[in-house]
Amino acid sequence: MRAMTGDLVWREVPEPEPGPGEVLVEVAATAVNRADLLQVQGFYPPPPGAPAYLGLECSGRLADGSEVCALLAGGGYAERVAVPEGQLLPVPRGVSLIEAAALPEVACTVWSNVTMVGRLAAGETVLIHGGGSGIGTFAIQYAKALGARVVATARREKHEKLRELGADELLDYREDDFSGVQADLVLDIIGGAYLGKNVTALTTGGRLVIIGLQGGRRAELDLGALVSKRLTVAGTTLRSRPVAEKAAIVSAVREQVWPMLEDGRIRPVIDETFPVEEAAKAHERVAANAHLGKVVLTVSAA
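Written as structure tokens, this is what we have:
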């Protein structure tokens, strides 16, 4: 079997051996996540027991020919991957096998943080940082489908597309101050650099959910604001969760989010597709923040 190793070389590696409760997926496509870039840089190693190869999601086929997509702890940049059965999802009706590769990681990340942790309700306002990212483009559509008012930060050149996806208000993070938004929920991929403004942007009873640290790991928190506004600050990660927790999230996503994909309320947003052998070019595009939506890598003919 061939797989993409941490030095971004497509080479022969040992075949995956499914363990108890796992099935083998013949991979058609995978998608680039910022965690993959961090893993290449040596900052985000896979959790114990996970494949050493890159890739947190994939689409493909089971031995019986069923088309599926899957949430992974690693190993998606490969011809085959062993997947816990609870992390498999059917390809949604109306979505291609290639498009499906861009769904599991963002769908599970967005649902678990916007609904499970963030408790976003219809009529509330959500501030989504990184609106042009894979997570951002999915979160905008999901929040809008829930009936929320959506404010997003992104480069100005991406604003028109994000309005089409449902964003009600857009701010250019390079120029605009988002601290006056008065959001009920903030979904943040930046971390330290945005902490103070995020707290200011939250209304009484607001929730800040931090899912990324692109702007640093440390910042000073005004506990007076936290207490007086009765705020909740949470930090989460998906990759290192136990298999049972991931299975519960995947099950909820299938029940609550998949119908939104099948009726068109949410659609995959694919920026560009590369053959897996050109993963380095795909990583460069993501690193430059030039993409809008997900960058997909094709592994085999769909």
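Counting from 1, position 57 in the sequence shown corresponds to residue 57 in the UniProt record's numbering; the numbering is continuous, with no gaps. We put the CB at the ideal spot given by N, CA and C, even for glycine.
As summarised for the segment 149 to 227, the continuous alpha helix (DSSP H) elements at least 4 residues long and confined to that stretch are 159 to 165, 195 to 201, given in chain order. At a cut-off of 3 residues, the continuous stretches assigned as beta strand (DSSP E) that sit fully inside the segment 84 to 111 are 88 to 90.
Each residue's CA atom was taken as its position, placing Y44 and G6 some 11 Å apart.
Counting C-beta pairs closer than 8 Å gives fewer than three between the segment 215 to 225 and the segment 131 to 149, which falls short of the contact rule.
Only residues of its own chain outside the window of five on either side were considered, and among them L89, P90 have a CB closer than 8 Å to the CB of R254, listed in chain order.
As DSSP reads the structure, W258 sits in no beta bridge. Taking C-alpha positions only, G55 is separated from N33 by approximately 8 Å.
DSSP places E277 in the helix class (H, G or I) of the three-state scheme.
Taking C-beta separations shorter than 6 Å and ignoring five residues to either side along the sequence, the partners of E169 in its chain run V151, following chain order. G293 counts as buried, since no fewer than 16 other beta carbons sit within 10 angstroms of its beta carbon. Counting the other Cβ atoms within 10 Å of the Cβ of Q39 gives 16 or more, which makes it buried.
The beta carbons of I189 and H129 sit closer together than 8 Å. Ranking T298, V27, L127 by CA distance to the CA of E67 puts V27 first.
Short of 7 Å from the beta carbon of R285, and not among the five residues preceding or following it, lie these beta carbons of its own chain, in chain order: E272, H291, V295. Under the DSSP assignment, T137 falls in the alpha helix (DSSP H) whose first and last residues are 134 to 145. Relative to the Cα of L165, the nearest Cα in the group E15, R265, V25, T298 belongs to R265.
Under DSSP, S300 shares a beta bridge with no residue. DSSP places M4 within a strand segment (E or B) once states are collapsed to three.
Distances from the alpha-carbon of L71 to those of L103, G65, L195 put L103 closest. Per DSSP, the beta bridge partners of I270 are K294.
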